[in-house]
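Chains as they are written, first to last, in the numbering used here: chain A, 61 to 366; chain B, 208 to 512. Everything below concerns the one structure shown next.
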Amino acid sequence: MAKTRGYKQRNILMMAMLAPYLFLLVVFGILPLFMALLEVPKISIANPDGGWDAFKIVLQDFRFPAALKNVLGFMAYFVPMMIIVVIGMALMLDVKTTKWSKYLRLAYIVPASISGAVAVLVWWAIFEPTISPIRSVLNFFGVTSARQIWQTENLIYLIAIMTFFSMAGNWILIQYGSLQSISSEIIEAARVDGCSAFQLAFRIKLPLIRKYIIYMAVLVFAGGLQIFVEPQLLNTGVYSGIASSWSFDQLSYELAFKSGDFGGASALSIILLVPSLIGALVVIFKTDMFDDKTIRSKKDSDKADL
Amino acid sequence: MSTTIKSSKKLKTATRHESRAGMFFVNSWLIFFAVISIIPMAWLLLASSKTDPELSSRNPLAFGSFKGYINAWNNLTFFDNGVIGRWVINSILYNAAIVVFATITASLAGFVISASRIRFKKTFLISTLIMMLIPPVALVIPLFVLMDKVSLIDNPLSVILISSLYPFGAFLSYIYYSTTIPPELYESARLDGCSDWQLYTRIAFPLSGALLGLLAFFAFIGNWANYFMPYVMLYSGENYTLPLGLGFLFSSTPAINPGVGATSVPIYKPEIALAGALIAFPIMVMFLISQKRLIRGMLAGSIKE
């Protein structure tokens, strides 16, 4: 008897300690989804009959195909560029560790602090021939006016470059860390067998860090889908009209705050959430990223205690 | 860590046989990438040391003078009766609150999942993982709908509360406590009459130094430059954070926006660059001093140290 009471009391205290986080998780993680779902079928100017047609209406919005084309076009450059360059850089860093490697890694992380609004400012300056730190490169390519660069049709490349630089550094360091975790015995054995550095990278190292690459790909893909700040600020703050409802999130923002169509905006948010959710589930259940032996052995010992 | 040192030593001897041309290419590319990584930040930090005409007449990476920074700041304070000061203070206050709330709630949650036998542990862990892998901006519109219902729009509390949800931190704490504190320790402490609260304050918390540093680091870098969510939640200029303020400066001064006509406030490129540097510089410092934390945190649970 005494034992069960103690056990129950314990759980109450434990729940109390968990409560603040649980509250935040439910209220700001789960509840908004239900709120959005309730918002979708409401009657509005865009959806005069109400109901779940809101999903269809937003997909048929005249701005939707353009946003789809922009975001997919941007991702077609951004995602492969991220994966190839990041993995390539991490592999190169891993070939040989010298006393300089530490400083190189420090340099790679620097652009990660330039994101969002600051990234717009910095890249505006880089592509402005009068003040650009790469003036000579711009001149070499015959660029004499920023307007030659900042054109709506160039945005998929420009935004891919901007987001690439603010995200690559982090991931180079992370993937370098994942390569460092490969046991030296494996590398040695491969070398003894006559593996060249190139074969070592492609046949041994890459397969061994596969799950980290999937993890990165999912996060990069999900992040790219939700691109907002860069096109939005370019459009409202720098070159007016260059990127009007350019991305999905901008369209969703415009639906909500320009047209007051919260049903449509919520519907679009929910649609966009689906690919992210699938990616998350793939990482959780199809890789052992978050299911390593340490956690498992911990769980087992928990069970043994019971 | 010891394996890292060992493997790099072994690699050093092994790579002597690699072709020289190959190594030359690799090293050149590594150095080239380092240079292009630094240029944008160097420009940003140096820009506000110069005057507006100097920005185009002098070398883009030349240093002006320390007085340049002071001038730029003074000019910024002419904008909207010194609202820039408010933005700096807001950014510091909101982020301090977020870092503290997020770190405490996440650390407690991680401790509870690792040390207790509460029900629905698995469900709870999986929902945390899902939240952690979904980009936070995905929920901005639904969160606006929610905040509107509870009348917290244009209230900094909305930004602070939303950003304090820290699933990544909760997961990190769970891994940390699971791997550093053996369950036997809790059991024997319980036998000695420790309550669950004391298990946290006397055992887990004193061992949490490295974890709390990690949590605070990720909470800070994740929120300091945040734009979309605060942009939707806050609309009064005096509630803005620095990133929102910077966006506002873009659209309301002619410094980088050719569409805006001349204004009476002396906001030009150096002033805008200073506002940008105020956002980027603290993050850069955090990254440079916490490089190891970044790797350790992002790969937590899957790499044994």
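Positions of the beta carbon are idealized from the N, C-alpha and C atoms, including for glycine.
With contacts defined by Cβ atoms closer than 9 Å, threonine 258 of chain B and valine 366 of chain B do not form a contacting pair.
Inclusion of methionine 74 of chain A and aspartate 399 of chain B in the CB contact set at 9 Å is not warranted, their separation being larger than that value.
When DSSP states are grouped into helix, strand and coil, tryptophan 183 of chain A belongs to the helix group. For asparagine 107 of chain A, none of the residues of chain B pass the 8 Å Cβ criterion, the least Cβ distance being about 15 Å.
DSSP places tyrosine 407 of chain B in the helix class (H, G or I) of the three-state scheme.
Cβ-Cβ separation between glycine 89 of chain A and leucine 372 of chain B: approximately 6 Å, consistent with a contact (criterion under 8 Å). The residue from B:Phe240, B:Phe273, B:Pro461 and B:Met436 with its alpha-carbon nearest to that of serine 161 of chain A is B:Phe240. Look at glutamate 261 of chain B here: in three-state DSSP terms it is helix. At a cut-off of 9 Å between C-beta atoms, alanine 396 of chain B does not count as an interface residue with respect to chain A. Burial is judged here by how many other beta carbons sit within 10 angstroms of a residue's own beta carbon; proline 349 of chain B has at least 16 and is buried. Under the DSSP assignment, tryptophan 306 of chain A falls outside any alpha helix (DSSP H); it carries neither an H nor an E label. Annotation for phenylalanine 350 of chain A: Ile344 place their beta carbon closer than 7 Å to its own, counting only its chain and skipping 5 residues before and after.
Glycine 202 of chain A is outside the set of residues whose beta carbon lies under 9 Å from a beta carbon in chain B. Counting C-beta pairs with one atom in each stretch, the region 368-385 of chain B and the region 87-101 of chain A have three or more that are closer than 8 Å, which means they touch.
Chain A has no Cβ within less than 9 Å of the Cβ of threonine 258 of chain B.
Interface residue (Cβ-Cβ distance to chain A less than 9 Å): tyrosine 434 of chain B is classified as such. Under the Cβ distance rule, glycine 275 of chain B does not count among the residues neighbouring chain A, no pair being separated by less than 9 Å. Cβ atoms of valine 439 of chain B and valine 155 of chain A stay farther apart than 8 Å, at about 45 Å. Per DSSP, reduced to three states, the secondary structure at leucine 359 of chain B is coil, with no helix or strand assignment.
Proximity of chain B to methionine 135 of chain A at the Cβ level (cut-off 7 Å) is not reached, the minimal Cβ distance being about 13 Å. For glycine 454 of chain B, the secondary structure class from DSSP, reduced to helix, strand or coil, is helix. Secondary structure at proline 374 of chain B: helix, using DSSP grouped into helix, strand and coil.
In the three-state DSSP reduction, glutamate 188 of chain A falls in the coil class, being neither helix nor strand. In the three-state reduction of the DSSP assignment, proline 343 of chain B falls in the helix class, which pools H, G and I.
A distance below 6 Å between beta-carbons, with the five flanking residues on each side excluded, links valine 306 of chain B to the following residues of its chain, in chain order: Ala423, Ala426 and Phe427.
In the DSSP assignment, glutamine 498 of chain B falls within the alpha helix (DSSP H) that extends over 498-505. The criterion of a C-beta distance shorter than 9 Å is not satisfied by phenylalanine 224 of chain A and methionine 135 of chain A. Proximity to isoleucine 299 of chain B across B:Pro465, B:Trp236 and B:Asn433 peaks at B:Asn433, based on C-alpha coordinates. Valine 86 of chain A sits in a helix when the DSSP states are folded into three classes. Contact of proline 342 of chain B with chain A by beta-carbon distance below 7 Å involves Ala282, Gly283, Gln286 and Ser336.
For alanine 106 of chain A, the three-state secondary structure derived from DSSP is coil. Annotated as proximal: isoleucine 502 of chain B and isoleucine 234 of chain A, with beta-carbon spacing under 9 Å. The alpha carbon of serine 358 of chain B has as its nearest neighbour, out of B:Leu495, B:Pro489, B:Leu441 and B:Ile410, the alpha carbon of B:Leu441.
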